[in-house]
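For the sequence shown, my numbering gives the first residue as 347, with consecutive numbering after it.
Backbone N, C-alpha and C fix where the C-beta goes; we use that ideal spot for every residue, glycine too.
Structure first, then comments.
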Amino acid sequence: MKALVYNGAFDVTVQDVPDARIERPTDAVVRITSTNICGSDLHMYEGRTDMETGRVLGHENMGIVEAVGEGVDRLKVGDRVSLPFNVACGSCENCVAGRTAFCLRANQAGTAGAAFGFASMGEYAGGQAELLRVPWADFNALVLPEGTEKELDYTMLSDIFPTGWHGVELSRFEPGDSVVVWGAGPVGLMAAHSARIRGAAEVFVVDRHPDRLALVRKAGATPVDYSAGDPVEQIMQATGGRGVDRGVDAIGYQAHDPSGEEDASMVLNQLVQVVKATGGIGVVGVYLPQDPGAKDELSQQGKIAFDYGTFWFKGQSMGTGQCNVKAYNVKLRNLITAGVATPGFIVSHELDLTEAASAYGTFDRREDGWTKVVLHPGELATAR
Ligand SMILES: NC(=O)c1ccc[n+]([C@@H]2O[C@H](COP(=O)([O-])OP(=O)(O)OC[C@H]3O[C@@H](n4cnc5c(N)ncnc54)[C@H](O)[C@@H]3O)[C@@H](O)[C@H]2O)c1
Ligand SMILES: [Zn+2]
Ligand SMILES: [Zn+2]
């Protein structure tokens, strides 16, 4: 089968690899119809993780069940499914509690949490390929309405729509709250979309790319351009000096100042400033325990200079971590089916899998208009 393979920093190629197959009775094999490139893939693409060479990337996958193992009794061949980026066993303590991003059994290294095609998250191949092996398939696969309708909306269920929702959840959001989201990438836009659906009074989103700020308006939120002036001052001014109830970090450790210089602490510190006393901060942007590629020693050790005193003095709370996709994806699927949620509005490009390598380069440069790339390994006429 054809698959996108990671060869090293800034080097990925689509090549022939052995077909994905059933390895355990509880596996299924899914023929991929849509697989998205994610901002998380770029941390790997840029060589800023410990991703091994030779691995197939891709953790945002959906498709049609091609084969099931003998131990699979819910899923059927032909089912159209969304696959959470988390690989989870379904029976450990964390899975039973709904915390599938911290499954205690799926990661062969023994650490909590596993994912398809992801650095430090187990040995699973990704789905930027024609076929994908899905472990514990009955537990992991979410069945979708059959057909090809709303493919671009449903394909956001594997990661970024639940992740945006999770960011809002981690901030302890309640209807009527005001929210600021840092980062208008796909995750930030999904956080804004989620906050709107959940009844936010006001939503601001901070970024500097004009194409992404235009999408912020499409999500029904107010764009804040941090290259045009201090974003903290802009938000304080827009709220009459009150600040906001909730904040979401949808950027993570590769945040940069307007000149492009990386600064892993700036976003969290700005959030501490604009979120009201006793307000909450949800951090879904990725931070790593080690970052050998960082420019200063503190960041290399995965540490940041955080304004903990102000955070504490304001009585703020913070929630962090990978998204437990299964905690949300049934209801988010239903919101899409009902036409309430339309996460596919962020898709800028639909490409064939064979175009994936060049798409990584273009997406990595955040070229104008490249917001979210959906790859179709097979032939699929999508209907928005
Ligand atoms: N927690 C999870 O489960 C989970 C899931 C998916 C993605 N993620 C992470 O979420 C983050 C965002 O993902 P994405 O796909 O949207 O990525 P992305 O790189 O496309 O978007 C990030 C955006 O942040 C903006 N940005 C950078 N520095 C900024 C600053 N100082 N102020 C304002 N904006 C700034 C960039 O211009 C860009 O538009 C990544 O770290 C990704 O790894 C986490
Ligand atoms: Zn992703
Ligand atoms: Zn588990």
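Name the DSSP bridge partner or partners of residue i?
i      : result
Thr666 : Val629
Asn407 : Thr381 and Leu429
Glu696 : Val720
Lys348 : Asp362
Gly593 : Val526 and Ile627
Glu701 : DSSP, once it has assigned bridges, lists no residue as partnering Glu701.
Glu548 : Ser524
Val618 : Beta-bridge pairing links Val618 to no other residue.
Gly598 : Val632
Val414 : Ala374
Glu608 : His602
Using DSSP with H/G/I as helix, E/B as strand and the rest coil, what is residue i?
i      : result
Arg730 : For Arg730, the pLDDT reaches just 45, beneath the cut-off of 50, and the residue's location in the model is therefore unreliable, leaving the point undetermined.
Asp484 : helix
Asp553 : strand
Thr624 : strand
Ser524 : strand
Val578 : helix
Pro326 : In the structure as shown, the chain starts at 347 and stops at 730, and residue 326 therefore has no counterpart that could be examined.
Pro371 : coil
Thr568 : strand
Glu643 : helix
Gly354 : strand
Val686 : coil
Val613 : helix
Val402 : strand
Thr656 : helix
Ser386 : helix
Gly510 : helix
Val442 : helix
Thr708 : helix
Glu515 : helix
Ser573 : coil
Lys677 : helix
Leu535 : helix
Ala651 : coil
Ser504 : helix
Leu421 : coil
Answer with yes or no whether the minimum CB distance from residue i to chain B is below 9 angstroms.
i      : result
His555 : In summary, chain B is missing from the structure at hand, where a single protein chain is found.
Handout entry: Chain-ordered list of residues that sit, by beta carbon, closer than 7 angstroms to a heavy atom of ligand 3
Key = Ala434, Cys435, Gly436, Ser437, Cys438, Asn440, Cys441, Thr446, Cys449, Leu450, Arg451 and Ala452
Practice task
Tell me, please, whether the segment 459 to 475 touches the segment 424 to 441 by the rule of three or more beta-carbon pairs shorter than 8 angstroms.
Solution key: yes
Problem - Complete runs of the alpha helix (DSSP H) confined to the segment 446 to 501 [at least 4 residues] - result: 483 to 486 and 497 to 500
Problem - Cβ pair count under 8 angstroms reaching 3, the segment 404 to 416 against the segment 507 to 518 - result: no
Exercise for the section: Decide if the segment 552 to 569 is in contact with the segment 414 to 421; the criterion is three or more beta carbon pairs, one per stretch, under 8 angstroms apart. Expected result: no
Handout entry: the segment 497 to 511 / the segment 532 to 546 touching (three or more Cβ pairs under 8 angstroms)
Key = yes
Handout entry: Touching by the beta-carbon criterion (3+ pairs, under 8 angstroms), the segment 594 to 612 and the segment 472 to 491
Key = no
Exercise for the section: Report yes or no: do the segment 475 to 484 and the segment 370 to 383 share at least 3 C-beta pairs separated by less than 8 angstroms? Expected result: yes
Problem - Given 8 angstroms, three or more beta-carbon pairs between the segment 361 to 369 and the segment 613 to 626 - result: no
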